[in-house]
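Per my numbering, the sequence shown starts with residue 12, numbered consecutively. Heads up, the thing below is written out as structure tokens.
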Amino acid sequence: MSVIPEVAYEAVEKKLRQRGKLIQKAEEAVAKARAKATDTSAPSGNVTGGRGGLPGSRVERGALNVIRAEKRLENAMKWEAVFRKMDEIFPVEDSNEGFVASMIYGNGMSQADLARFSGCSRQTVKMRQDRYVIRCAFLAAQAGLIREEVEGWQR
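Here it is as structure tokens:
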């Protein structure tokens, strides 16, 4: 039995694999949403409203898209703060867990390749990886970043 729900573990792993790109992609999305919201060359759209609760005004839609993009940027920054805290807890140079995480999530190594490279068993690599991901999940939960993913964890 796992210490945390599988869906939370998977969500944290996904973010760890995207670590170097999270903020950059979020910043690009904000810039794109702002540019699109202020673009006056497009037609105004359906002014009387639309189906499915979508705002009919192009300005309204643009503003909502900017707000969503800014929220994603805020979350990306919170994830980066979690990752920096993990770097303090498990430094790559001084901890087995930090080394394993950097090789798996930063360099894309498999557990088996890392086990051969480091001279320990795959189970040891998995144990160190689990220790890292679980601690990261607790920090992310504390920051309010994974509660949505955990809601449907009872599979």
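C-beta atoms are modelled at their ideal positions from N, C-alpha and C, and glycine is treated no differently. Quantities reported herein were computed from a predicted structural model and do not represent experimental measurements.
**Q.** Extent of the continuous alpha helix (DSSP H) to which Asn76 belongs
**A.** In the sequence shown, residue 76 corresponds to position 65, counting from 1. Looking at the DSSP string, the run of the alpha helix (DSSP H) that includes Asn76 is 69 to 100.
Q) Helix, strand or coil: how does DSSP classify Thr49 here? A) Taking the sequence shown and counting its residues from 1, one reaches residue 49 at position 38. Looking at Thr49 - three-state DSSP - the assignment turns out to be coil, as it is neither helix nor strand.
Q. In three-state terms, what does DSSP make of Arg133?
A. Here residue 133 refers to the residue found at position 122 of the sequence shown. If DSSP states are grouped into helix, strand and coil, Arg133 belongs with the helices.
Q. In terms of alpha-carbon separation, which member of Val144, Ile145, Met120 lies closest to Arg133?
A. For this step, residue 133 is matched to residue 122 along the sequence shown. The residue with the shortest Cα to Cα distance from Arg133 is Met120.
(Q) Looking only at its chain, what residues have a beta carbon closer than 8 Å to the beta carbon of Tyr8, apart from the 5 residues adjacent to it on each side? (A) Nothing about residue 8 can be reported from this structure: the residues present for the chain run from 12 to 166 only.
Q: Check whether the Cβ atoms of Val18 and Glu81 lie closer than 8 Å to each other.
A: Numbered from 1 along the sequence shown, position 7 holds the residue referred to as residue 18. Numbered from 1 along the sequence shown, position 70 holds the residue referred to as residue 81. No, the Cβ-Cβ distance between Val18 and Glu81 is not below 8 Å.
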